[in-house]
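Everything in the sequence shown is counted per the numbering used here, starting at 1 for the first residue and increasing by one. Contents: one structure, followed by commentary.
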Amino acid sequence: MDKFVQKKQVEAETIKTVSGTKRKRHRSNSVEEVDAVLKKEAKIVESTSRVFSKNVIRWTLHNSLLIGQYIKKGDNFESRANIAAFDLDDTLITTKGVHRFPKDANDWKWLNKKVPERLTKLYEEGYKIIMISNQAGLSPGKKTGDKKRTDFKNKIGQIADSLNISFEIYAAMAYDKYRKPMIGIWNYFVENRNVGVTVDKENSFYVGDAAGRIKNWKLGVSSDWTDTDRKFAENIGINFYTPEEFFDNVEVASFSYKGFDPKKLPRDVPLFIPSSSSQLALPAGQCEMVIFVGYPASGKSTFAKKWLVNAGYVHVNQVL
């Protein structure tokens, strides 16, 4: 098994399709239990698409995270310090028409001809190429999840055929810590898929189209539908570029963040309200419970350990 993959955490399967005539799956014997829904994929017939990948994509599953790895023949795909990370849809590829969502596995084309050329150059310059994409539609819980997952894997195989350099793709299939702008995917990659090498954040970057650009950032163009990609890069602490900035060298467009920005919180407010020691003191013999409510990885446990545990509180949570 690939040295970067922890055997007890993943389901491994290799899919190879040649000219649509043969389809072979190999399931890892090291994993005793896998998601029941994903097991059914072995019985799903490949989509009716007429184009199939000639390359082998190694697919693994870590919790709700779907990971595809393509290793070019003769390449060992070693860990690297410099990471070139990209969103997928409307960043590297787009649909063949004006519609937003792909109709099937074949409904894709490069965003422009510069994309594969630039990716190849980056790889030759020593960058590790990874793709990070929110793909909730692939979830086993979705009605069309099985077909969309099959089409998605087929499409990534076609991308590998066209690109022909080693890369990995990470698809967040649920609304959990792996979904951008949360950095669960990045943390998993650094800790488990780039073993032995410290990532150089100054020379690493993320490219995505969900950048929070305002209306008319380009004449006649509406605002970005979200700012997820830009926030993702900022949360990690790496450089961010839009596809236009990265591939076409256009100037940085005006943008604004939506929602809550923790960096704008005033730093001179009291830690507790009320803030006087007399108001905070509990009468003798009484017990106090402090309940934290917030998103995963929002800092609940960190706050509790820093400010409450040291003050004598007992920290209780359900994280295993």
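Think of the CB as a built atom: it goes at the ideal place given N, C-alpha and C, for glycine as much as any other residue.
query                                                                                                                                                              : result
Find the nearest neighbour of residue 158 within the set 242, 116 and 188, judged by alpha-carbon distance.                                                        : 116
Just the Cα atoms here: how many angstroms apart are residue 111 and residue 306?                                                                                  : 47 Å
Contact criterion: CB-CB distance below 8 Å. Does residue 190 meet it with respect to chain C?                                                                     : Checking the listed chains, one finds no chain C in this structure; it contains a single protein chain.
Per DSSP, what are the beta-bridge partners of residue 207 in this structure?                                                                                      : 86 and 241
So, with DSSP's three-state summary, where would you put residue 192?                                                                                              : helix
Am I right that residue 163 and residue 119 are in contact with their C-beta atoms under 8 Å? What's the rounded C-beta distance?                                  : 6 Å
Specify, as a first and last residue, the run of the beta strand (DSSP E) that residue 70 falls within.                                                            : 65-70
Quick one: grab the DSSP three-state call for residue 213.                                                                                                         : strand
Below 6 Å CB to CB, which residues in the same chain sit around residue 96 once its five sequence neighbours on both sides are set aside?                          : 107 and 109
Let me check understanding here. Comparing Cα to Cα, which of 175, 126 and 169 lies closest to residue 140?                                                        : 175
If the criterion is Cβ atoms closer than 8 Å, does the pair residue 132 and residue 214 meet it?                                                                   : no
Pairing CB atoms from the region 186-206 with CB atoms from the region 228-241, are three or more of them under 8 Å?                                               : yes
Kindly provide the ranges of any alpha helix (DSSP H) runs that are 4 or more residues long and lie completely inside the region 128-166, ordered along the chain. : 145-163
To the nearest angstrom, report how far apart residue 84 and residue 128 are at their CA atoms.                                                                    : 6 Å
Helix, strand or coil for residue 109, going by three-state DSSP, please let me know.                                                                              : strand
Nearest CA to the CA of residue 75: which residue from 126, 65, 300 and 104?                                                                                       : 126
Determine the extent of the alpha helix (DSSP H) in which residue 118 is found, giving its start and end residues.                                                 : 114-124
Decide if residue 69 is buried, meaning its Cβ has at least 16 other Cβ atoms within 10 Å, or exposed.                                                             : buried
Look up residue 255 in the DSSP assignment and say whether it is helix, strand or coil.                                                                            : strand
Considering only the beta carbon of each residue, do residue 77 and residue 166 sit closer than 8 Å?                                                               : yes
When the Cα atoms are used, what is the spatial distance from residue 189 to residue 285?                                                                          : 48 Å
Would you mind sorting residue 225 into buried or exposed? The rule is 16 or more other CB atoms within 10 Å of its CB.                                            : exposed
For a test of the three-state rule: what should DSSP assign to residue 58, helix, strand or coil?                                                                  : strand
Would the beta-carbon of residue 150 fall within 8 Å of that of residue 180?                                                                                       : no
Exposed or buried, which one is residue 212 when buried takes at least 16 other CB atoms within 10 Å?                                                              : buried
Nearest CA to the CA of residue 259: which residue from 274, 231 and 249?                                                                                          : 231
Quick test of your reading: residue 298 and residue 178, contact by CB under 8 Å. State the CB separation rounded to the nearest angstrom.                         : No, residue 298 and residue 178 are not in contact; Cβ-Cβ is about 15 Å, not under 8 Å.
If we ignore side chains and look at the alpha-carbon of each, how far apart do residue 21 and residue 195 end up?                                                 : Any reading at residue 21 needs caution, since the residue's pLDDT is 37, under 50, leaving its predicted position unreliable; the model's value is listed next. So the two alpha carbons sit approximately 37 Å from each other.
Suppose you measure from the CA of residue 182 to the CA of residue 267; what does that come to, to the nearest Å?                                                 : 23 Å
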